[in-house]
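Engineer: Protein chains in written order, with this note's numbering: chain A, 3 to 114; chain B, 33 to 262. I am attaching a structure below and will ask some questions about it afterwards.
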């Protein structure tokens, strides 16, 4: 099994956070694409709390649930990305861990 | 104790009317296996058959209907089978005993009245976490890939797996996975997270790698604290 060293970045924000008029998580994913980061996935959690100690959960007609954006790429690419995301955040948490990656690509149109 | 993995299967062919002391041989054999705490045994009466005497026993003829074949089967560990065979050899004076290698795939026993007060066990130590990124629409042999992976992990006795559905994302193929009000997407990003010992995670990663067409596997070191009821 061929593995390559990589890093995983988890960005914890709130669904109601905004960046230049658009949802912050969408802006972060767009920034990742711009910077040619391999991929990003956004998850919405059921419930959570963070810096403001205010419980984030779904209210009627108002969505303010916790959001986690998971990004995996090479250490170099992530080191390039982290300061850019930091600029976009008002409050939030960035967590980085080291991982071993295995990319499976069989589609000939996609370069590994 | 019989566990998953290699085991021995013993099959005994006898006649229904074969005697053993005061009772029938099949009763005696089943009682013996029960007393010896064998994991399980099944005796079946065959429809018809013949043995070394080359006389066909069939229910169609009354005269031979009482001599129908009986087949007793049980599965146990190699050591237990070795222990039991000398006695079985003595008991079966007319018939056949056969032993074959087998593999126990599943050994499920619904727990009889789980005691809720039983304290759980704490298992802590270094472990590995495997995350698998794929798409909801990905298929493996006509079923959802994430379903197929979870099934496979269960079969491999991996401690646990959780499937998450993302709300937005992009990956290997570069296409955006997104759900909107007007367009209900059935291809949202999926992440599976699996935690177990390094050896088991390694084995799981190798199997899953073969099931993925496009996707990403990520392995990281974690500290695991597992609370289990054994």
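For each residue, glycine too, the CB sits at the ideal point set by N, CA and C.
Is there a Cβ of chain A sitting closer than 7 Å to that of residue 195 of chain B, yes or no?
Structural biologist: Not one chain A Cβ lies under 7 Å of residue 195 of chain B.
Engineer: Could you compute how far the alpha carbon of residue 224 of chain B sits from the alpha carbon of residue 163 of chain B?
Structural biologist: Near 5 Å, if we compare the C-alpha coordinates of residue 163 of chain B and residue 224 of chain B.
Engineer: So residue 101 of chain A contacts chain B; which residues on that side make the cut at Cβ distance below 7 Å?
Structural biologist: Per Cβ cutoff of 7 Å: 250, 251 and 252.
Engineer: Since residue 47 of chain B sits in a beta bridge, which residues does DSSP pair it with?
Structural biologist: Answer is B:101, bridged to residue 47 of chain B.
Engineer: Residues of chain A with CB under 7 Å from residue 244 of chain B, in chain order?
Structural biologist: Within chain A, the residues near residue 244 of chain B are 106.
Engineer: Please report whether the beta-carbon of residue 221 of chain B lies at a distance below 7 Å from any beta-carbon of chain A.
Structural biologist: Chain A, which has a Cβ nearer than 7 Å to the Cβ of residue 221 of chain B, makes this yes.
Engineer: Taking beta-carbon pairs under 9 Å, can you tell me which members of the stretch 167–182 of chain B lie near chain A?
Structural biologist: So nothing in the stretch comes that close.
Engineer: I believe residue 107 of chain B touches residue 191 of chain B by the beta-carbon criterion, under 8 Å. Please report the beta-carbon distance rounded to the nearest angstrom.
Structural biologist: With 8 Å as the limit, residue 107 of chain B and residue 191 of chain B do not qualify as a contact, their Cβ atoms being about 26 Å apart.
Engineer: Given a threshold of 16 other Cβ atoms within 10 Å of its Cβ, counted over all protein chains shown, does residue 137 of chain B qualify as buried or as exposed?
Structural biologist: Its Cβ having fewer than 16 others within 10 Å, residue 137 of chain B is exposed.
Engineer: If I follow the unbroken alpha helix (DSSP H) through residue 115 of chain B, where does it start and stop?
Structural biologist: First-last of the alpha helix (DSSP H) with residue 115 of chain B: 110–123.
Engineer: Assuming residue 251 of chain B and residue 102 of chain A are in contact, meaning their beta carbons sit under 8 Å apart, how far apart are those beta carbons, in whole angstroms?
Structural biologist: Their Cβ separation, rounded to whole angstroms, is 4 Å, which keeps residue 251 of chain B and residue 102 of chain A in contact under 8 Å.
Engineer: Expressed to the nearest angstrom, what Euclidean distance is found between the alpha-carbon atoms of residue 114 of chain A and residue 42 of chain A?
Structural biologist: Note that residue 114 of chain A scores 45 on pLDDT, short of 50, meaning its location in the model is unreliable; the coordinates nonetheless yield the value given after this. Residue 114 of chain A and residue 42 of chain A: Cα-Cα distance of roughly 16 Å.
Engineer: Suppose contacts are defined by Cβ-Cβ distances below 7 Å. Is residue 50 of chain B in contact with residue 126 of chain B by that definition?
Structural biologist: Yes, the Cβ-Cβ distance between residue 50 of chain B and residue 126 of chain B is below 7 Å.
Engineer: Classify residue 254 of chain B as helix, strand or coil using the three-state DSSP reduction.
Structural biologist: Strand.
Engineer: Kindly indicate which three-state DSSP category residue 134 of chain B falls into: helix, strand or coil?
Structural biologist: Residue 134 of chain B falls in the strand class under three-state DSSP.
Engineer: For a cutoff of 7 Å on Cβ pairs, would you count residue 2 of chain A as touching chain B?
Structural biologist: The first residue shown for chain A is 3 and the last is 114, placing residue 2 of chain A beyond what the model contains.
Engineer: Show which residues of chain B have a CB atom less than 8 Å away from the CB atom of residue 93 of chain A.
Structural biologist: None at all; the shortest Cβ gap to chain B is about 21 Å.
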